[in-house]
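The structure under discussion appears below in the form of structure tokens.
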Amino acid sequence: MSLWTNRPFLRIILAFALGILAARHDFTISLLALQYLILSLFILVVVVKAVFKNTPNIILANLLLVSIGLIGMHHYGSSNSYNKRLLIQSTWNECKAFIGTITSFPTEKEKYMVYHVDVNLGIQDSGFLNIPTKILLYEKKAAEQNSTLVYGDKVRIEGHPYLIDEAKNPHEFDFAKYMADQHIYLHQFVTHDQITLIGKHKANALMSAVYRIRSHFESVIKSNINGKDEEAIVLALLLGIKGQLNPEIKTAYATAGAMHVLAVSGLHVSIIYFLLNWLFKGIPPGNFKRFVTPTISIMALWLYALLTGFSPSILRAVTMFSCMIFAKILDRKNQVFNSLSFVAFVLLIFDPTFLFNIGFQLSFLAVAGIVYLYPKLYQFWDIQNRVGDYLWQLVCVSLAAQIATFPLSIYYFHQFPSYFLIANLIVIPVAFAIMILGLGVLAFGSFTPWIGWFLEELVGFMNCFVARIQVLDGSVIDWIYMSSFQTFLIYMAIIAFLCLLRYKKISYAWLMLFIITGFSLDRIWHILIRSNTNDMAFYSMGKSPIIDQVEKFEAQLFTLDSIFDFEKLEQHISPNRIHNLLPPPRSPHLISTQLGSFARMHIFKNKRTLFFTQPFDVNQIQFRLKADIVVISNQAIDSLTILDRIVDFKEVIIDQTNHPFYANRLKSEAKSLKMNLFSLHDQAHLVSLSRNQKFLDMLF
Numbered sequence: 000m001s002l003w004t005n006r007p008f009l010r011i012i013l014a015f016a017l018g019i020l021a022a023r024h025d026f027t028i029s030l031l032a033l034q035y036l037i038l039s040l041f042i043l044v045v046v047v048k049a050v051f052k053n054t055p056n057i058i059l060a061n062l063l064l065v066s067i068g069l070i071g072m073h074h075y076g077s078s079n080s081y082n083k084r085l086l087i088q089s090t091w092n093e094c095k096a097f098i099g100t101i102t103s104f105p106t107e108k109e110k111y112m113v114y115h116v117d118v119n120l121g122i123q124d125s126g127f128l129n130i131p132t133k134i135l136l137y138e139k140k141a142a143e144q145n146s147t148l149v150y151g152d153k154v155r156i157e158g159h160p161y162l163i164d165e166a167k168n169p170h171e172f173d174f175a176k177y178m179a180d181q182h183i184y185l186h187q188f189v190t191h192d193q194i195t196l197i198g199k200h201k202a203n204a205l206m207s208a209v210y211r212i213r214s215h216f217e218s219v220i221k222s223n224i225n226g227k228d229e230e231a232i233v234l235a236l237l238l239g240i241k242g243q244l245n246p247e248i249k250t251a252y253a254t255a256g257a258m259h260v261l262a263v264s265g266l267h268v269s270i271i272y273f274l275l276n277w278l279f280k281g282i283p284p285g286n287f288k289r290f291v292t293p294t295i296s297i298m299a300l301w302l303y304a305l306l307t308g309f310s311p312s313i314l315r316a317v318t319m320f321s322c323m324i325f326a327k328i329l330d331r332k333n334q335v336f337n338s339l340s341f342v343a344f345v346l347l348i349f350d351p352t353f354l355f356n357i358g359f360q361l362s363f364l365a366v367a368g369i370v371y372l373y374p375k376l377y378q379f380w381d382i383q384n385r386v387g388d389y390l391w392q393l394v395c396v397s398l399a400a401q402i403a404t405f406p407l408s409i410y411y412f413h414q415f416p417s418y419f420l421i422a423n424l425i426v427i428p429v430a431f432a433i434m435i436l437g438l439g440v441l442a443f444g445s446f447t448p449w450i451g452w453f454l455e456e457l458v459g460f461m462n463c464f465v466a467r468i469q470v471l472d473g474s475v476i477d478w479i480y481m482s483s484f485q486t487f488l489i490y491m492a493i494i495a496f497l498c499l500l501r502y503k504k505i506s507y508a509w510l511m512l513f514i515i516t517g518f519s520l521d522r523i524w525h526i527l528i529r530s531n532t533n534d535m536a537f538y539s540m541g542k543s544p545i546i547d548q549v550e551k552f553e554a555q556l557f558t559l560d561s562i563f564d565f566e567k568l569e570q571h572i573s574p575n576r577i578h579n580l581l582p583p584p585r586s587p588h589l590i591s592t593q594l595g596s597f598a599r600m601h602i603f604k605n606k607r608t609l610f611f612t613q614p615f616d617v618n619q620i621q622f623r624l625k626a627d628i629v630v631i632s633n634q635a636i637d638s639l640t641i642l643d644r645i646v647d648f649k650e651v652i653i654d655q656t657n658h659p660f661y662a663n664r665l666k667s668e669a670k671s672l673k674m675n676l677f678s679l680h681d682q683a684h685l686v687s688l689s690r691n692q693k694f695l696d697m698l699f
């Protein structure tokens, strides 16, 4: 059978996903235009088929795929309202309070409890505002006050929400876009005193019941597990509650290549399904076993998906298992790739933004890799010993999943776990045992406390093993940069290699060589450009400006303030450093060259940067200063006209110590005076200092 007839949804999902991807990059299409285009394509198909009787079916099939791609493009455009976020903010600015319903399981952070709130009504001085929207609510935790808000509570919140800040520094994680993919654009930080409970059980009745079950299970786990780290691992494994995992634990599991066991996904669903099959094993064959037990299994799997929060990876796994169970009921052979493509198509119809969810991407790639590569890897070694064969199966599964996911993992996380095979040989079977014991605790914990004790010891062993892997020399290869284009080329090379193994055609070897050459040339190009570039990056973060002084492959940070949060600094700066093949950031140097008590000077590559750090009497300056860049802090200068009188400059930077109103006033003034002004309230600013022009002319 051809690929089209045997796996139709594989091509359908590729076309649909490409349409969504095009819409993500602003190639949108209106509903009317979509209707006309599809109608035109349909007429074209009919005409071509009528005039040319022997038209190859592949032409007609490709026209159909184009239509599916256009539908995907429109579907994403109609469901995504990211560009409306500014309108949403201006609408809510006048509100002094709002009424909404808690529609998520509460997430516990170090300092806050976090909720998703569906807003029903905004309260203004002039009346009420009825524009439904979603808000991310942060309730500050207090030592003497525990939050009592739960799913379904109707609340009044004093104050009004603000837009979630977009990423302001180059290549850093864009939390605003991440939340926009969940259709949330606003957030608000409140204390408990700003919240008034005005109703209970106002949300979906089924979800309310699920939340009560989940809360009960959470309390059972906490009462049976004493260690904080062990408790956090069990909550993550069983219920998908990851808010209590501390950063050290996450780092250890990521370094060991075992982070996947902490994300509820196919591994956990397969364990649940295995246990259900074991429970139903004793039922004699008949209609009850053929129809009723599969129905119970599907319901149990979807209940588990509800309990764990409906993440994209769990949705993929549960939908996939549901398809497999239905195929078994209908006594039909389950074509895995077609089923996988169908599941992806259904989920993207439900929410096209899933395509950009990292968990969704890695989950589907891992399953595709295991399905295709596992049998081919397993056949290389026929082990007769049962234990040895089981270990070889684990190795093959781990290798297959890693081959399929490592390019994307490097693209997102910039690291590769060297000992992932060793880690997974222990972690996967232990995680299996933890799941079974954990379910035992949920069912019998109050009657058999020894199960909880044994579970805690087993989790402690797994944590200890992962920590030992982490401290091994070379446990992780980190600080790896790959562009999206390079990641694409790596996947194309893998596909070409697999085609070479399957079809034994030399053309695939040449194709693979061509792709690898393209990858290498792109890397070399990036290195050559970097080796002939010097610049200064003024980052948008905190109060004191942070300046990255870059010369080819070396970089050094500078700041005006000796007190700073280095961990926060790393989060904002590291993505840009990685992207530009620069070393990890170190503690900044202090800019100490003083010009009186109100100004400092920094010189790099003959570029003078003048910092005005506080307000001063301009009459103190006896002669006109000269600088390439002027950085204004703490409203130090009343106006740009005054600045122009005392300094000969090329551009002005306003840092985040200035009030936003002041920054906006100076931006308006700069526009009228036709001056170059950049505000770090908006985004970071890059100043190109010197480039090897002869080298660039040679390239272009």
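For the sequence shown, position 516 matches number 515 in numbering that gives the first Met the number 0, and the numbering has no gaps at all. Backbone N, C-alpha and C define an ideal beta-carbon position, used for all residues, glycine too.
Roughly how many whole angstroms lie between the Cα atoms of Ala251 and Leu424?
-> Rounded to the nearest angstrom, the two C-alpha atoms are 16 Å apart.
Pick helix, strand or coil for Asp681, following the three-state DSSP scheme.
-> Coil at Asp681, not helix or strand.
Assuming Arg10 contacts Ile98 (C-beta within less than 8 Å), just tell me the rounded distance between them.
-> Taking a contact as a CB-CB distance under 8 Å, the pair Arg10 and Ile98 does not count as one, their CB atoms being some 48 Å apart.
Beta-carbon separation of Phe412 and Gly256 under 8 Å?
-> Contact flag unset, no.
If we count the other Cβ atoms within 10 Å of its Cβ and call it buried at 16 or more, is Gly285 buried or exposed?
-> Exposed, because fewer than 16 other Cβ atoms sit within 10 Å of the Cβ of Gly285.
Closest residue to Lys375 among Trp524, Arg501, Asp472 (Cα-Cα distance) = Taking only the C-alpha atoms, the option nearest Lys375 is Arg501.
In its own chain, which residues sit with a C-beta less than 8 Å from the C-beta of Val189, not counting the 5 before and 5 after it?
-> The answer, listed in chain order, is Leu136, Tyr137, Glu138, Lys139, Ile156, Glu157, Gly158.
Please report how far the alpha carbon of Ser207 lies from the alpha carbon of Gly151, in whole angstroms.
-> Rounded to whole angstroms, the separation of the alpha carbons of Gly151 and Ser207 is 6 Å.
Go ahead and label Val440 buried or exposed: buried means 16 or more other beta carbons lie within 10 angstroms of its beta carbon, across all protein chains shown.
-> Burial call: buried.
Going by DSSP, name the residue or residues bridged to Tyr114.
-> For Tyr114, which the question treats as bridged, DSSP gives the partners Leu136.
Cutoff 7 Å; reference Leu471; Cβ partners in own chain excluding five residues on either side = Correct list, in chain order: Tyr418.
When we look at the beta-carbon of Pro614 and count the other beta-carbons within 10 Å, is it buried (16 or more) or exposed?
-> The residue is exposed, with fewer than 16 neighbouring Cβ atoms inside 10 Å.
For Glu230, three-class secondary structure by DSSP | In this structure, Glu230 counts as helix in the three-state DSSP scheme.
Would you kindly work out how many angstroms separate the C-alpha atoms of Phe168 and Ile546, rounded to a whole number?
-> It is worth fixing the name first, because residue 168 is Asn in this sequence and not Phe. If you take the alpha carbons of Asn168 and Ile546, they lie about 12 Å apart.
By how many angstroms is the C-alpha of Ser340 removed from the C-alpha of Tyr371?
-> Here the alpha carbon of Tyr371 sits roughly 14 Å from the alpha carbon of Ser340.
Residues of its chain near Arg6, where Cβ-Cβ distance is below 6 Å and the 5 sequence neighbours each way are ignored | So the list reads Phe336, Asn337, once near-sequence residues are dropped.
What are the residues that DSSP puts in a beta bridge with Asn675?
-> Glu650, per the DSSP bridge assignment.
DSSP state of Ser667 mapped onto helix, strand, coil | Note: Ser667 maps to helix in three-state DSSP.
How big is the Cα-Cα spacing for Glu668 and Val651?
-> Those two C-alpha atoms are separated by around 12 Å.
Range covered by the alpha helix (DSSP H) that runs through Gly439 | In this chain, the alpha helix (DSSP H) harbouring Gly439 covers 419-443.
Who are Gln123's beta bridge partners in DSSP?
-> According to DSSP, which records beta bridges pairwise, Gln123 is partnered with Gly126.
Do Gly239 and Gly308 come within 8 Å of each other at the CB atom, strictly closer than that value?
-> Against a cut-off of 8 Å, the Cβ pair of Gly239 and Gly308 comes out as a contact.
In its own chain, which residues sit with a C-beta less than 6 Å from the C-beta of Tyr661, not counting the 5 before and 5 after it?
-> Counting only residues of its own chain and dropping the five nearest sequence neighbours on each side, Tyr661 has a CB closer than 6 Å to the CB of Gln634.
What is the residue span of the alpha helix (DSSP H) that Met481 lies within?
-> Per DSSP, Met481 is not a residue of any alpha helix (DSSP H), being assigned neither H nor E.
Evaluate Asn675 with the Cβ neighbour count: other Cβ atoms within 10 Å of its Cβ, from every protein chain shown; 16 or more gives buried, anything less gives exposed.
-> The residue in question, Asn675, is exposed, as its Cβ has fewer than 16 Cβ neighbours within 10 Å.
Do you know how far the Cα of Leu497 is from the Cα of Tyr373?
-> Answer to the nearest angstrom: the Cα atoms are 13 Å apart.
Cα-Cα separation, Gln485 to Ser222 = If you draw a straight line from the Cα of Gln485 to the Cα of Ser222, it comes to about 49 Å.
Can you tell me the Cα-Cα spacing of Ile468 and Ile421, whole angstroms?
-> Ile468 and Ile421: Cα-Cα distance of roughly 9 Å.
From the DSSP output, which residues share a beta bridge with His601?
-> According to DSSP, which records beta bridges pairwise, His601 is partnered with Thr608.
Output yes or no for whether 8 Å exceeds the beta carbon distance between Ile628 and Ile645.
-> Cβ atoms of Ile628 and Ile645: not closer than 8 Å.
Buried or exposed: which applies to Ala179, given that a residue is buried once 16 or more other Cβ atoms fall within 10 Å of its Cβ?
-> Buried, because 16 or more other Cβ atoms sit within 10 Å of the Cβ of Ala179.
Out of Thr318, Leu364, Arg522, Arg23, state which residue places its alpha-carbon closest to the alpha-carbon of Ser296.
-> Residue nearest to Ser296 within the set Thr318, Leu364, Arg522, Arg23 is Thr318 (criterion: CA-CA distance).
Just to confirm, are Leu237 and Gly437 a CB contact at a threshold of 8 Å?
-> In contact: Leu237 and Gly437 (Cβ atoms closer than 8 Å).
When Phe460, Thr292, Leu305, Ile572 are compared against Phe325, the one with the closest alpha-carbon = For Phe325, the nearest C-alpha among the options comes from Thr292.
Cutoff 7 Å; reference Leu390; Cβ partners in own chain excluding five residues on either side | Around Leu390: Leu424.
For the candidate residues His525, Asn245, Ser397, whose alpha-carbon lies nearest to that of Lys108?
-> If we check each option's Cα against that of Lys108, Asn245 comes out closest.
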